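J.: Below are the C-alpha cells for one structure; questions will follow.
2 protein chains.
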Amino acid sequence: MTRPSSVPPPVTAVLDASSRWLPARLGEVEQLLRRAVAGHGELLGDDATATLDAGGKRLRPMLVLLCAGSERSAGALRAAAAIELVHMATLVHDDVLDDAPLRRGLPTLAATSGRRRATSTGDLLFSRAFALLAEEGDARSVALLADASVALARGELAQRRDAFDLSIDEQRYLERCRLKTARLFECACLLGGRDEGLREFGAEIGLAFQLLDDVLDVSGPPERTGKARGTDLLDGTVTLPLIEAAASDPAIREVDLQALDPVSAEALCDRIEATGALARVRARALQMVVAAKQALEGGDFAPEQRQLLSLVADGVVQRYS
Amino acid sequence: MTRPSSVPPPVTAVLDASSRWLPARLGEVEQLLRRAVAGHGELLGDDATATLDAGGKRLRPMLVLLCAGSERSAGALRAAAAIELVHMATLVHDDVLDDAPLRRGLPTLAATSGRRRATSTGDLLFSRAFALLAEEGDARSVALLADASVALARGELAQRRDAFDLSIDEQRYLERCRLKTARLFECACLLGGRDEGLREFGAEIGLAFQLLDDVLDVSGPPERTGKARGTDLLDGTVTLPLIEAAASDPAIREVDLQALDPVSAEALCDRIEATGALARVRARALQMVVAAKQALEGGDFAPEQRQLLSLVADGVVQRYS
Chain A
17 MTRPSSVPPP VTAVLDASSR WLPARLGEVE QLLRRAVAGH GELLGDDATA
67 TLDAGGKRLR PMLVLLCAGS ERSAGALRAA AAIELVHMAT LVHDDVLDDA
117 PLRRGLPTLA ATSGRRRATS TGDLLFSRAF ALLAEEGDAR SVALLADASV
167 ALARGELAQR RDAFDLSIDE QRYLERCRLK TARLFECACL LGGRDEGLRE
217 FGAEIGLAFQ LLDDVLDVSG PPERTGKARG TDLLDGTVTL PLIEAAASDP
267 AIREVDLQAL DPVSAEALCD RIEATGALAR VRARALQMVV AAKQALEGGD
317 FAPEQRQLLS LVADGVVQRY S
Chain B
17 MTRPSSVPPP VTAVLDASSR WLPARLGEVE QLLRRAVAGH GELLGDDATA
67 TLDAGGKRLR PMLVLLCAGS ERSAGALRAA AAIELVHMAT LVHDDVLDDA
117 PLRRGLPTLA ATSGRRRATS TGDLLFSRAF ALLAEEGDAR SVALLADASV
167 ALARGELAQR RDAFDLSIDE QRYLERCRLK TARLFECACL LGGRDEGLRE
217 FGAEIGLAFQ LLDDVLDVSG PPERTGKARG TDLLDGTVTL PLIEAAASDP
267 AIREVDLQAL DPVSAEALCD RIEATGALAR VRARALQMVV AAKQALEGGD
317 FAPEQRQLLS LVADGVVQRY S
C-alpha cells in the first residue's frame, strides 16, 4: 500500500491478517492503476494521478482479490484495477454533478480542473477500465462490469428522479442503494470468484456500506468523514435515516428539503438523531453483514479466505469514510 | 430506417445502391438501440429515447455493417449498435460540457433534462454499449471499442487543453482529430471486418469527416448545419480552417478568441472564408477520401461492398450535418 497512514482500521485488520500476500497483491493493483492512467498526455496524467492519489480504501479491488483466493491470478489483478477505475470514474462524475468542492477532505478534480476536464477524465477512466479487462480477453468479466456500470448509472438517475421527494419509502430507497452501490460490490466478488454465495455476500455488504454512508452523513463527525453533516440532505437525497426519523417524528415529513441551507441541514441532522433513527439503521446494516456471512456458509472457501471476507464485511460498518 | 426524411442525400445514395439488405440491417440496429435504452425506468426511457430520436446519420453503424459484408451477422449488428451508443454517449456529454442548447436543430438532452441527468444518461449509454458487446462474448470487439473510447476521451481532453491557443499547428490539430473522430471510424470498420486496409480506410474518412465538420462550422449555412456559424470558434477550438487562414492573413493570428461574441465570431468566419482557407481544407479532405479508397485496393472485398464503401467515403465530404 502506498499510503498506509490513510488506510482505515478495519482494512488494516484485513491486511494484517492476510500474511502479506494481500498487501503485495494490492501493490500490484496500484501499479496497474498507475499504468492505466499514464501515457495519455501530460495534463491527463496529472488529473488522473491526482484522482488516484486522493485514494480511498481500495475496498472493491480488495474484494476481487480476496474472492479470487491467495493464488496469484493476472486476471484477478486486472479485474481489481478495472473495477476501481469504474468506481473512480463515477466519483469524478458525481463530484461534477454535485459541484462538490471536497472529497475525503481534499479538493475534487471538478474543483481543481473544472467540470469539463473532470467529465472527460471520468470518461477516460471508464474507458480504460474496459480496455484493461478486454486485454485479458475475458468476456464474462466484461459483461459483469458492464452490467454493474449500467446499474450505477441507473442508480444515479433514480437518485436525481427521487431528489427532494419525502414520499420515497424504504423499498424505493433500498432499490436505489442496490443499483448505486450494491451491484458494484456484487460485481467485485463475482469478478474474483464463481461461488454463487459471493453474489449475495457482495450485495449484502454493499447495501450495508451504503446504509452506513447515510448514517455518517447525519452523524459525522466532519473531522472524521471529511465532509459537512447533512451534505446528502442539502442535495435532496432522501436516505433511510431520514425515512426512519420521519416515521417516528411526523413533523420531519413536513420539512421542505429544497429550502435547507447548511445550518438548517445540521439542525435536521440533530432532529433525525434525536429520534433514534441512526441506531436503528446501524442495526439494519449489522443484520446485512450477518446475512452476508451466512451466504458464504455453504461455499467452498479456504479458512483464511472466509476469515478475511468476514473481516471485510465487519469493516464496512466500522468506518468513517 | 425510422426517419427516412431526415437521412442526408449521400447516405440515401448508399442505401439505394445496396439492394435493400443494408436498410433492413440498419432497421435491426435501430431495434437493438431501442432495446438497449429501454427498461431502465420510465424517466431514463424518455431521455434516452429522445436522444435516439434526435437521430443522426448512423454513419458508424453503417460502416460496421458494410465492412461486415452482405451476409447477416448477429455480432456485426450488435457491434453496430454498440458503436452508435458510444457515439451518442459522447454527444450527450459534449453537449453538457458545451452547455449546448441545440444539436441538429433540436434541443439537447442537457437543455431539456439538465446537466445532471444528461451526464448520467451519457454514462448509461456508454455502459450499455459494452454490455451489448459483451453479450456476444467477443473480447476483440470489446478491446477495439474500449481503445477507441479511450482515444475519444483523450481527444476531448486535448481539445480543452488547446482551447483558445492560436499557436496550435496543423500537426497538433490532426492528432486531436485522430483521437476525437478518426479512431471511432477506424474502430467501426475493424468491428465489421478484419482486412488491414480497413484500418486506414476508417482513419482517413474519419479525418476527412472532421475536416469537413470544421469547414461547415465556418461556412454554414446555419439553416443546413443546424447551428450558428463560428460555434467552435466561440468555444475556443482552433481548427484547420483557422490555422490555414492565419497562415495567409497574419492579422488573424492576433485575434483574441476569448473575447469573441456571436457577432464577432461570424465576422471572423467571413475573414477566414476570404483567405480561401475553406477551399484548401476541402481539398485536403478530398485527398483523404482518395487515400481511403486506395487503402482498400489490395483487399479482398466483394464488388458491391467496395462500391458502397466508396459511396460512404464520398458521402463524408458531401454533407451539411
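These protein sequences, in sequence, are chains A and B. Position 315 (the first sequence) corresponds to 331 in this note's numbering; numbering is contiguous. Position 273 (the second sequence) corresponds to 289 in this note's numbering; numbering is contiguous. Glycine included, C-beta positions come from ideal geometry on N, C-alpha and C. The structure displayed is predicted, hence computed values, not measured ones.
(1) Go ahead and pull the three-state DSSP assignment for A:Arg119.
(2) Taking a cut of 7 Å between CB atoms, which residues from the region 98 to 110 of chain B lie near chain A?
(3) Can you give me the Cβ contacts of A:Asp174 inside the same chain, cut-off strictly under 7 Å, excluding the 5 residues immediately before and after it?
(4) For B:Glu58, does the count of other Cβ atoms within 10 angstroms reach 16, so buried, or fall short, so exposed?
(5) Hey, would you say B:Asp233 sits closer than 9 Å to A:Ala155, going by beta carbons?
(6) Out of A:Ala105, A:Gly252, A:Ala167, which has the shortest C-alpha to C-alpha gap to A:Gln274?
(7) Distance check for B:Gly236 and A:Asp181, CA to CA, integer angstroms please.
(8) Give a yes or no on whether the minimum CB-CB distance between B:Arg170 and chain A is below 9 Å.
(9) Just to confirm my understanding: we take A:Pro257, look at its own chain, exclude 5 residues before and 5 after, and list those with CB closer than 7 Å. What are they?
(10) Would you say A:Phe142 lies against chain B (beta-carbon separation less than 9 Å)?
(11) Quick one: does A:Thr18 have its CB under 9 Å from some CB of chain B?
(12) Keeping to the same chain, check which residues put their C-beta closer than 6 Å to that of B:Ala219; ignore five residues upstream and five downstream.
(13) For A:Thr124, which residues in chain B fall below 7 Å Cβ to Cβ?
(14) Closer than 9 Å between beta carbons: that is the criterion. Which residues of the region 151 to 168 of chain B meet it against chain A?
(15) Tell me which residues share the same chain as A:Val305 and place their Cβ nearer than 8 Å to its Cβ, disregarding the 5 neighbours each side in the sequence.
(16) Can you name, in chain order, every residue of its own chain whose Cβ lies under 7 Å from the Cβ of B:Val158, other than the five neighbours on each side?
(17) Measure the CB-CB distance between A:Gly171 and A:Ala84 and report whether it falls below 9 Å.
(18) Residues of chain A with CB under 7 Å from B:Arg133, in chain order?
(19) Among A:Thr291, A:Thr247, A:Ala263, which one has its Cα closest to the Cα of A:Pro117?
(20) On the three-state DSSP scale, how would you describe A:Glu216?
(21) For chain B, is any of its Cβ atoms less than 9 Å away from the one on A:Asp340?
(22) Going straight from the alpha carbon of B:Ser264 to that of B:Arg177, what length do you get?
(23) For A:Val254, would you say it is in contact with chain B, using Cβ-to-Cβ distances shorter than 9 Å as the test?
(24) Chain B beta carbons: is any one of them nearer than 9 Å to that of A:Leu249?
(25) Taking Cβ-Cβ distances shorter than 7 Å, what residues in chain A pair up with B:Val112?
(26) Need the endpoints of the alpha helix (DSSP H) that A:Leu273 sits in, please.
(27) Within 10 angstroms of its Cβ, does B:Gln303 collect 16 or more other Cβ (buried), or is it exposed?
(28) Taking 9 Å as the CB-CB cut-off, is B:Arg322 touching chain A?
(29) Between the C-alpha atoms of A:Thr291 and B:Glu44, what's the straight-line distance to the nearest angstrom?
(30) Under a Cβ-count criterion, where at least 16 other Cβ atoms within 10 Å of its own Cβ denotes burial, should B:Pro77 be classed as buried or exposed?
(31) Comparing the C-beta of A:Leu149 with each C-beta of chain B, is any distance below 9 Å?
(32) Terminal residues of the continuous alpha helix (DSSP H) containing B:Asp248?
(33) Go through its chain and collect everything with a Cβ distance to A:Ala96's Cβ below 6 Å, but skip five positions before and after it.
(34) How long is the line joining the alpha carbons of B:Ser136 and A:Ala169, rounded to whole angstroms?
(35) Exposed or buried, B:Glu186, counting other C-beta atoms within 10 Å across all chains shown (16 or more means buried)?
(36) Grouping DSSP H, G and I as helix and E and B as strand, with all else coil, what is A:Ala54?
T.: Reading off the structure:
(1) For the purposes of this step, residue 119 of chain A is taken as the residue at position 103 of the first sequence. Residue state, collapsed to three classes: strand.
(2) His109
(3) What you label residue 174 of chain A is simply residue 158 of the first sequence in a count that begins at 1. Just to set this straight, residue 174 of chain A is Ala in the shown sequence, not Asp. The residues are Arg192, Leu195.
(4) Translated into positions along the second sequence, residue 58 of chain B becomes position 42. Confidence in B:Glu58 is poor, its pLDDT being 49 and thus under 50, which makes the residue's placement unreliable; the coordinate value appears in the next sentence. Under this definition B:Glu58 is an exposed residue.
(5) By one-based count along the second sequence, residue 233 of chain B stands at place 217. By one-based count along the first sequence, residue 155 of chain A stands at place 139. No, the pair does not count as a contact, with Cβ atoms beyond the cut-off.
(6) Within the first sequence, residue 274 of chain A is the residue found at index 258, counting from 1. Closest by alpha carbon: A:Gly252.
(7) The residue labelled residue 181 of chain A in the question sits at position 165 within the first sequence. The residue labelled residue 236 of chain B in the question sits at position 220 within the second sequence. Going by the C-alpha atoms only, they are around 45 Å apart.
(8) Numbered from 1 along the second sequence, position 154 holds the residue referred to as residue 170 of chain B. It does: the Cβ of B:Arg170 has a partner Cβ on chain A nearer than 9 Å.
(9) Indexing the first sequence from 1 puts residue 257 of chain A at position 241. Excluding sequence neighbours, A:Pro257 sits near Asp230, Val231, Val234, Ile288, Ala293, Leu294, Val297.
(10) Working through the first sequence from its first residue, we reach residue 142 of chain A at position 126. So yes, A:Phe142 belongs to the interface.
(11) Translated into positions along the first sequence, residue 18 of chain A becomes position 2. Unreliable positioning characterises A:Thr18 in this predicted model, as indicated by a pLDDT of 36, which lies under 50. The coordinate reading is nonetheless provided below. Not one chain B Cβ lies under 9 Å of A:Thr18.
(12) Within the second sequence, residue 219 of chain B is the residue found at index 203, counting from 1. Once the five neighbours on either side are set aside, the close Cβ partners of B:Ala219 are Ala198, Glu202.
(13) By one-based count along the first sequence, residue 124 of chain A stands at place 108. Going along chain B, no residue has its Cβ under 7 Å from A:Thr124, so there is no contact; the nearest lies around 15 Å.
(14) Glu151, Glu152, Gly153, Asp154, Ala155, Arg156, Ser157, Val158, Ala159, Leu160, Leu161, Ala162, Asp163, Ala164, Ser165, Val166, Ala167, Leu168
(15) Sequence index remark: in the first sequence, residue 305 of chain A carries index 289 (1-based). So the list reads Glu220, Ile221, Ala224, Ala329, Asp330, Val332, Val333, once near-sequence residues are dropped.
(16) Start at 1 with the first residue of the second sequence, and residue 158 of chain B comes out as number 142. Closer than 7 Å at Cβ, skipping near neighbours: Phe146, Leu149, Ala150.
(17) Position 155 of the first sequence, counted from the start, is the residue given in the question as residue 171 of chain A. Position 68 of the first sequence, counted from the start, is the residue given in the question as residue 84 of chain A. No, these two residues do not count as a Cβ contact at 9 Å.
(18) As a first step, residue 133 of chain B is located in the second sequence; it is residue number 117 there, counting from the start. Under the 7 Å cutoff, chain A gives Leu173, Arg176.
(19) Counted from its first residue, the first sequence places residue 117 of chain A at position 101. Closest by alpha carbon: A:Thr247.
(20) Reading the first sequence from its first residue, position 200 is the one you call residue 216 of chain A. Three-state DSSP puts A:Glu216 in a helix.
(21) Absent from the structure is residue 340 of chain A, since the part of chain A shown begins at 17 and ends at 337.
(22) Here residue 264 of chain B refers to the residue found at position 248 of the second sequence. Here residue 177 of chain B refers to the residue found at position 161 of the second sequence. About 25 Å.
(23) The count along the first sequence starts at 1 and reaches residue 254 of chain A at position 238. False, the Cβ-Cβ gap to chain B never drops below 9 Å.
(24) Residue mapping note: residue 249 of chain A aligns to position 233 of the first sequence, counting from 1. No, its Cβ sits nowhere closer than 9 Å to a Cβ of chain B.
(25) Position 96 of the second sequence, counted from the first residue, corresponds to residue 112 of chain B. Within chain A, the residues near B:Val112 are Thr135.
(26) Along the first sequence, read from residue 1 onward, the residue named residue 273 of chain A stands at position 257. Element bounds for A:Leu273: n/a, residue is neither H nor E.
(27) The count along the second sequence starts at 1 and reaches residue 303 of chain B at position 287. It is exposed - the Cβ of B:Gln303 has fewer than 16 other Cβ atoms within 10 Å.
(28) Locating residue 322 of chain B in the second sequence gives position 306, where the first residue counts as 1. No, its Cβ sits nowhere closer than 9 Å to a Cβ of chain A.
(29) As a working note, residue 291 of chain A is residue 275 in the first sequence. As a working note, residue 44 of chain B is residue 28 in the second sequence. C-alpha separation (whole angstroms): 56 Å.
(30) The residue you call residue 77 of chain B lines up with position 61 of the second sequence. Buried.
(31) If you number the first sequence from 1, residue 149 of chain A lands on position 133. Closer than 9 Å: yes.
(32) Position 232 of the second sequence, counting from 1, holds the residue named residue 248 of chain B. Counting along the chain, the alpha helix (DSSP H) containing B:Asp248 begins and ends at 247 to 250.
(33) By one-based count along the first sequence, residue 96 of chain A stands at place 80. So the list reads Val45, Pro77, Val80, Leu81, once near-sequence residues are dropped.
(34) One-based indexing of the second sequence puts residue 136 of chain B at position 120. One-based indexing of the first sequence puts residue 169 of chain A at position 153. Roughly 6 Å between the two C-alpha positions.
(35) Here residue 186 of chain B is taken as the residue at index 170 of the second sequence, counted from 1. Burial call: exposed.
(36) Here residue 54 of chain A refers to the residue found at position 38 when the first sequence is read from its first residue. If DSSP states are grouped into helix, strand and coil, A:Ala54 belongs with coil.
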